[in-house]
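Chemist: Numbering (the numbering used here), first residue to last: -4 to 148.
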Ligand code: HEM
């Protein structure tokens, strides 16, 4: 499980990189009214693939690292403890919402009729997903739930 945790920690940086890149592309696309290029689509796709892999690693951790067992032990106990509540409920739920937004956003971009609409949809959905991801990461400065910037290197 240590390797999965190391990878889950590390992949966060790739997701943030591609997420920020997608949002910047959307923003500059909207502001400069430029055409929507295959490169714009590719960066957005990499953001989505990163989130897909992270969901998989997250689910492995959730079910194999004791978090699901805590839930089975009773929701009341989990909710009373802010550390357990964060990882079993808040982190997982918020990240799944972000993952859904990234997927809806990608199909909305594909279905949009004009380049301007594509940039707008990409900015909206990736921007919202990125904000949720940033809020749900157990950053080292979040004292009660703090986790390290990097692991195992
Ligand atoms: C963009 C999506 C996600 C990001 C950026 C992210 C990021 C992180 C980070 C940075 C940690 C701390 C790792 C460490 O201790 O070094 C963590 C822990 C954890 N994440 Fe995620 N996560 C995401 C999605 C998910 C999802 C979808 C789930 C579950 C469905 C999940 C479940 C967990 C669990 C259970 C832990 C605690 C692992 C343990 O200590 O056993 N994560 N996540």
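The C-beta atom is built at its ideal place from N, Cα and C for all residues, glycine as well.
Cβ atoms of residue 100 and residue 117: under 8 Å apart, would you say?
Modeler: Yes; because the gap between Cβ atoms is below 8 Å, this pair is in contact.
Chemist: Taking the alpha-carbon of residue 129 as reference, which of 147, 93, -4 and 110 has the nearest alpha-carbon?
Modeler: For residue 129, the nearest C-alpha among the options comes from 93.
Chemist: Taking the continuous alpha helix (DSSP H) assigned at residue 44, which residues delimit it?
Modeler: 33 to 59 is the span of the alpha helix (DSSP H), which, as asked, contains residue 44.
Chemist: Quick check for students: name the residue ranges of the beta strand (DSSP E) that lie wholly in the region 83 to 107, counting only runs of 3 or more.
Modeler: DSSP runs (the beta strand (DSSP E)) wholly in the region 83 to 107: none.
Chemist: Leaving out the 5 sequence neighbours to the left and right, which residues in its chain are closer than 7 Å to residue 30 when beta-carbon positions are compared?
Modeler: Cβ within range, chain order: 110.
Chemist: Compute the distance between the beta-carbons of residue 114 and residue 14, then report whether it is under 8 Å.
Modeler: No.
Chemist: How would you label residue 124, buried or exposed, when you count the other beta carbons within 10 angstroms and need 16 or more for buried?
Modeler: Buried, because 16 or more other Cβ atoms sit within 10 Å of the Cβ of residue 124.
Chemist: Residue 51: which of 74, 67 and 87 sits nearest, CA to CA?
Modeler: Nearest option by C-alpha distance: 87.
Chemist: Roughly how many whole angstroms lie between the Cα atoms of residue 0 and residue 7?
Modeler: For residue 0 and residue 7, the distance between alpha carbons rounds to 11 Å.
Chemist: For the ligand HEM, I want to know if residue 19 counts as a neighbour, meaning its beta carbon is within less than 7 Å of at least one of the ligand's heavy atoms.
Modeler: It does not: the Cβ of residue 19 is nowhere closer than 7 Å to a heavy atom of the ligand HEM.
Chemist: Confirm the yes/no value for this check: CB of residue 135, any heavy atom of the ligand HEM, distance under 7 Å.
Modeler: Checking the Cβ of residue 135 against the ligand HEM gives no.
Chemist: I need the straight-line Cα distance from residue 20 to residue 40, nearest angstrom please.
Modeler: C-alpha separation (whole angstroms): 13 Å.
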